[in-house]
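Residue numbers (the numbering used here), protein chains in the order written: chain A, 1 to 401; chain B, 1 to 401.
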């Protein structure tokens, strides 16, 4: 059995992991309606102005502003109604001095008019409209290009498409948009004791749950998880599984990176490529391995569920996001009082899984082997490597998943 | 033209809207691997224990604890090695007094043994193992059911499935899970001036962008958006479009709820069912209409993009989440100084769209008609209805989208 040679700090490991990532360069064209949360692979320059024409911003009358000057509540100006225009219509009537056109919000301003008087400031009698309040030129109008001018860069490369940005794309009439492909992440469950979900469980076996949980984290962070079959803990099986998985953008293994008799992953990665680190000062999740094989990163997470998932959240997820051109996660943080004394391990940054109840952070960590530690948790408290004790009632910050 | 009779407050409108929602009762069976962010329609009771057997939590030797009592660094107890067991294997050897079995993490504890001595506290020579440190019974073991006991309710109805919970389901060997169906939300763009994306834009027309943006918000909040064709602003067209849309769980229209000559939606909803409110003291987004037709809710949002999207975020999204059995959104909030004086409207709660730069909240709101106000914004500042002025440099809270 081989001990870890020297563990590196959490920060150092995260830096090595992120520095090693090259965001993917493959792009694809997707329908704008399917582009939510995708990342733009190109800036978007407006090929038209929005709105494409001067339009009314209010219901009222399109007028020449100068015709309204000097009007007042007791001294209205009277204009002649020469037409009416609804949104979507074009009125081929010119508004001349002393005239007006009834106009609906969104309708194109007829020729000659330079402003809109709000309906509330008028009174109509047959073909005469009394205006009780002056307007200045361009009042109650949206000018062509006031929202987006033609030729303007409206969105930049690497922007993530949310509802508002999708609105911008469609307001320009775009049906398709060029985005970065989602990275494909191979997820390989390893271990002779692992049985596939749906199969019968033999004595001494446990069900494969890590690869499902890691796949869920990968999906949440913009990747396409490629869950592979369970691989035995032998050099040959691991080697061929990793080689096969290298057609993906990133290879993640669960199980097989702890220091045990059967810990053959280290040897395999060393043989196929190079090891970037093995062993990190975190708890749980210490036996984490990062290697590089044929320019692809290979991340070996521990087999124990809580350890595996914590490494999934704090290492795999940020790596996937960088691959996918997604910004780093800004996890929501809430302050809470811790419900009991927690003894931590000096020299290891602890991620203490907790649930929240009445402003209290209640530790739910059982042991690295317990999956329920993760299922019950809403987040974790980070206890730095140089802190060995958190007293009951101490104020802590809970980082929400 | 018909004025709003009396506007109700934001809080009142939200309460009416949410109270009117009946979460959907239809359920479906989905593969656990596809269940991320879905809502459990039933509690999950464990049909097996996890782990299913007593297993080693460390690499070492399975022993009788009593055999190790009294051992010390200079006074080891010597045990006879009678076998070796790896994870996934079952060893048909009984450990008797004075004996031990080499065991790997995760392997089933052989009969007779009641504890594990860590490899670090031993020394092996051929078939003899020296134990340098006593262990108590059950030391370095995970007992069967210590994570999940058989019959335990591990997850409850209405829980949202995240990575950890998916791990729990698969650790129980479950392939399928019963979840609530996603609500189907019909999204109907209205307006004679609206052209479909992909078509040629005629003079006086603008592209349909609201229905895409609303669909994106609906999708983000757990619904299946059913985007329908553009409907003309006539009683008959609207009536038949709404009737057709009632096969969905919720009907949302964009455009057509402002007070204009062509504002026929109010009449149509009144004729088909009842109006719950029309006009809310918010800015933008005031001309919002909520009605009920054949027990389905019908939400009419304004046609102006920023107004439409704000109503989408603050009204439609919470309604959809309740329909979908999803918990209310906990939007992330950040503090910032506002970059310029903002004059607000007394009597209307303002949602001021902003972007963030160096800790400053910079208003990006142009006008309700501008889609870029939403695209550039990372969130909004809520200015209560009783505040009419926010001074430059004032501390505000930005609610992130």
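Using N, Cα and C, we set each Cβ at its ideal position, and we do this for glycine too.
The three-state secondary structure of residue 32/A, taken from DSSP, is helix. The bridge partners DSSP lists for residue 253/A are 188/A, 300/A. In the structure shown, residue 13/B adopts helical secondary structure according to DSSP, grouped into three states. Relative to residue 172/B, the option among 169/A, 123/A, 184/A, 199/A whose CA is nearest is 199/A. Within a 10 Å sphere around the beta-carbon of residue 304/A sit 16 or more other beta-carbons, which makes this residue buried.
Proximity of residue 170/B to chain A, defined by a Cβ-Cβ separation below 7 Å, is satisfied. The C-beta of residue 127/A has fewer than 16 other C-beta atoms within 10 Å across all chains shown, which makes the residue exposed. Chain B has a Cβ within less than 7 Å of the Cβ of residue 142/A. In chain order, 57, 142, 146, 147 make up the part of chain A whose C-beta sits under 9 Å from the C-beta of residue 367/B. Assignment of residue 329/A by DSSP, reduced to helix, strand and coil, places it in the coil class. Taking 9 Å as the cut-off between beta carbons, the residues of the segment 360-386 of chain B near chain A are 366, 367, 368, 369, 370, 371, 372, 373, 374, 375, 376, 377, in sequence order. Along the segment 29-41 of chain A, going in chain order, the ones with a CB nearer than 7 Å to a CB of chain B are 32, 33, 36. Nearest in C-alpha terms to residue 253/A, of all of 298/A, 81/A, 270/A, 219/A, is 298/A.
Taking 4 residues as the shortest admissible run, the segment 35-95 of chain B contains the following complete alpha helix (DSSP H) segments, listed from N- to C-terminal end: 65-68. Around the C-beta of residue 203/A, fewer than 16 other C-beta atoms lie within 10 Å, and the residue is accordingly described as exposed. The beta carbon of residue 31/B is closer than 7 Å to those of 175, 176 in its chain, skipping five residues each way along the sequence.
Against chain A, the CB of residue 207/B has a partner CB under 7 Å away; the residue lies at that interface. Measuring C-alpha to C-alpha distances from residue 169/A to each of 397/A, 328/A, 47/A, 210/A identifies 47/A as the nearest.
Fewer than three Cβ pairs drawn from the segment 64-81 of chain A and the segment 179-189 of chain A lie within less than 8 Å of each other, which leaves the two stretches out of contact. Contacts between residue 175/A and chain B, judged by CB atoms closer than 9 Å, involve 197, 198 in chain order. Between residue 57/A and residue 105/A the beta-carbon gap is near 7 Å, inside 8 Å, which marks them as a contact. Non-local C-beta neighbours of residue 99/A in its own chain, meaning closer than 7 Å and more than five positions away in sequence, comprise 79, 80, 82, ordered along the chain. Beta-bridge analysis with DSSP links residue 290/B to 277/B, 299/B.
In terms of beta-carbon proximity, residue 305/B lines the interface with chain A, with at least one pair separated by less than 7 Å.
In the structure shown, the three-state DSSP call for residue 356/B is strand. For residue 144/A, there is no enclosing alpha helix (DSSP H), as DSSP gives it neither H nor E. The residues 398, in chain order, have a CB closer than 6 Å to that of residue 334/B in the same chain once the five nearest residues on each side in sequence are set aside. Residues of chain B whose Cβ lies closer than 7 Å to the Cβ of residue 237/A do not exist; the shortest such Cβ separation is about 13 Å.
With contacts defined as CB atoms closer than 7 Å, residue 18/B and residue 322/B qualify as a contacting pair. Put simply, the segment 234-241 of chain A does not touch the segment 324-340 of chain A. Fewer than three CB pairs are less than 8 Å apart. Contact of residue 89/A with chain B by beta-carbon distance below 9 Å involves 192, 193, 204.
At a beta-carbon threshold of 8 Å, the residues of chain B lying near residue 210/A are 167, ordered along the chain. Judged by DSSP in its simplified three-state form, residue 27/A adopts strand. The Cβ atoms of residue 62/A and residue 90/A lie no closer than 7 Å to each other. Secondary structure at residue 193/B: coil, using DSSP grouped into helix, strand and coil.
For residue 148/A, the closest of 372/B, 383/B, 387/B by C-alpha to C-alpha distance is 372/B.
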